[in-house]
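Position in the sequence shown (first residue = 1) + 2 = my numbering. Backbone N, C-alpha and C fix where the C-beta goes; we use that ideal spot for every residue, glycine too. Note that the structure is predicted; figures quoted are calculated from it, not measured. A short worksheet on the structure shown next.
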Amino acid sequence: MTHTARIARRFVVMVIVLAVLLCWGLVLNVNSGSVKIPAAEVFSMVFKAIGYKIANLFTGGKYSEALNTLIDAEGNSRIIFSIRIPRMLMAAILGGALAVGALPAPRPNSIISSQAWPCRKMALKEPFLSARSPMPTT
3 MTHTARIARR FVVMVIVLAV LLCWGLVLNV NSGSVKIPAA EVFSMVFKAI
53 GYKIANLFTG GKYSEALNTL IDAEGNSRII FSIRIPRMLM AAILGGALAV
103 GALPAPRPNS IISSQAWPCR KMALKEPFLS ARSPMPTT
């Protein structure tokens, strides 16, 4: 097995593991709260709502009343659709944004010209505040 094939295989395995962990975390997030709602009930409500939403796309809104009844119902349905699912989605979006924001900035190398990195060109010419030069005074 070549080095590139090992890297590709490791990448695929890591993506699968991270996707499984994300799904597990999202299910755990939806099921946690002061009101205990069984996971089977959560999944049935969510899949029913997704089914109604998809059916509305193909039937021109024929199932919108059923969807609104499911989402606006009292009790567990209201807790799931107005508190827990928005909390879960915001956690996933925030986690993704923090992950992207923590990526390291691309660094210049010999392939990239110094014109693409003008600050690097200036930094190589003269350091901003070196130990030899005193700080500028006003």
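Asked	Found
Three-state class that DSSP yields for T71 in the structure shown	helix
Coil, strand or helix - E76 by DSSP	coil
Nonlocal neighbours in the same chain, by C-beta distance under 8 Å from I82, ignoring five residues either side	V32, I39, V44, M47 and V48
Residue range of the unbroken alpha helix (DSSP H) whose run includes K55	A41 to T61
T4 (DSSP reduced to helix, strand or coil)	coil
Nearest-angstrom beta carbon gap, I73 and A51 [assumed within contact, 8 Å]	7 Å
Three-way DSSP call (helix, strand, coil) for G27 in this model	helix
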